[in-house]
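Visitor:
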Amino acid sequence: MIVILVGPPGAGKGTQCKKLVEQFDMKHLSSGDIFRSEIAGKTDLGQKAKQHIDKGELVPDELVIDMMISAVKNADYNCILDGFPRTLPQAEQLDKALEKENTKIDAVIELAVNDETVVQRISKRRVCPDCGAVYHLETMPPMQDGICDKCGSKIIQRDDDKREVVLERLETYHKMTEPIISHYKDASAAYIEIDGSQRPEAITNDIAQRLKEA
Ligand SMILES: [Zn+2]
């Protein structure tokens with residue numbers, strides 16, 4: 001089964017991927033990880049991708065697709081795609097490439113979380129610049145206001161976690177993801193919407209249940 005998992009930043013995609021990998025014996029294919037390992041392994045595809053990256057260019061879609069398809073084959077067509085496809089043209093090219101392998105995307109799972117919840121989750125995150133500890137002002141505050149429990153440094157808010165930036169990231173997310181979701185609905189892949197505001201265990205159970213039905 002080939003599944004695409006989408007969700008806004010802060011929806012806990014990484015956590016869910018890990019749990020699904022354990023439960024379903026699927027491989028987690030994160031496009032970022034695959035890039036890095038192809039490049040580190042100096043494969044043909046990795047070398048080609050590196051030439052673009054070194055020039056400060058985006059890696060062309062054909063190359064991205066080739067890398068993903070080879071990873072999907074290595075996973076015996078049993079995998080969760082994370083961070084890919086990112087755009088509608090990528091989704092269309094992925095479909096064509098999968099068709100050549102006589103297979104297709106089986107389901108698209110969306111971890112749906114409303115924007116305000118995402119903003120609340122992310123904008124209250126604080127990190128320690130010295131030891132990397134992560135806090136949340138509501139759910140996991142440091143014992144002493146503004147001070148890291150582990151090393152005593154002043155904790156900070158990362159620029160990426162600021163409200164305005166999160167709102168921008170969300171806008172980009174919706175713009176990119178909605179066409180992909182409607183594309184797969186038309187292509188008759190199962191669309192599975194999961195309430196991403198639940199606790200992580202409940203989310204995993206929901207996904208597992210719906211995947212069995214798909
Ligand atoms: Zn610290």
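Take 1 as the starting number for the sequence shown in the UniProt record's numbering and just add one per residue.
Backbone N, C-alpha and C define an ideal beta-carbon position, used for all residues, glycine too.
Are Pro8 and Leu170 touching if we call contact CB-CB under 7 Å?
Guide: Position 8 of the sequence shown, counting from 1, holds the residue named residue 8. Position 170 of the sequence shown, counting from 1, holds the residue named residue 170. Result yes, Cβ atoms of Pro8 and Leu170 sit closer than 7 Å.
Visitor: Is Lys150 near ligand 1, going by C-beta to nearest heavy atom under 6 Å?
Guide: Translated into positions along the sequence shown, residue 150 becomes position 150. Because some heavy atom of ligand 1 lies under 6 Å away, the Cβ of Lys150 counts as near it: yes.
Visitor: Going by the C-beta, is Asp66 closer than 6 Å to any heavy atom of ligand 3?
Guide: Here the bound small molecules are ligand 1; ligand 3 is not part of this structure.
Visitor: Would the beta-carbon of Ile69 fall within 7 Å of that of Leu5?
Guide: As a first step, residue 69 is located in the sequence shown; it is residue number 69 there, counting from the start. As a first step, residue 5 is located in the sequence shown; it is residue number 5 there, counting from the start. No; because the gap between Cβ atoms is not below 7 Å, this pair is not in contact.
Visitor: Return the chain-ordered list of same chain residues with a C-beta closer than 8 Å to the C-beta of Ser40, the five sequence neighbours on each side being excluded.
Guide: Against the sequence shown, residue 40 aligns to sequence position 40. The displayed chain sequence assigns Ala, not Ser, to residue 40. If the five residues before and after Ala40 are omitted, its C-beta is found closer than 8 Å to the C-beta atoms of Gly46, all from its own chain and listed in chain order.
Visitor: Drop a sphere of 10 angstroms on the beta-carbon of Ile147, count the other beta-carbons inside from all chains shown, and report buried for 16 or more, exposed for fewer.
Guide: Taking the first residue of the sequence shown as position 1, residue 147 is located at position 147. Result: exposed.
Visitor: Whole angstroms is fine: what's the gap from Lys185's alpha carbon to Cys128's?
Guide: Here residue 185 corresponds to residue number 185 of the sequence shown, with the count starting at 1. Here residue 128 corresponds to residue number 128 of the sequence shown, with the count starting at 1. Looking at the two C-alpha atoms, the distance is approximately 42 Å.
Visitor: Roughly how many angstroms separate the alpha carbons of Gly10 and Arg125, rounded to a whole number?
Guide: Start at 1 with the first residue of the sequence shown, and residue 10 comes out as number 10. Start at 1 with the first residue of the sequence shown, and residue 125 comes out as number 125. Each residue's alpha carbon lies about 10 Å from the other.
Visitor: Does the beta-carbon of Asp145, which I'm using as the reference point, lie nearer than 6 Å to any heavy atom of ligand 1?
Guide: Position 145 of the sequence shown, counted from the first residue, corresponds to residue 145. No, ligand 1 has no heavy atom inside 6 Å of this Cβ.
Visitor: Taking 8 Å as the limit between beta carbons, can you name the residues of its chain near Lys162, skipping five residues before and five after?
Guide: Here residue 162 corresponds to residue number 162 of the sequence shown, with the count starting at 1. Ser123.
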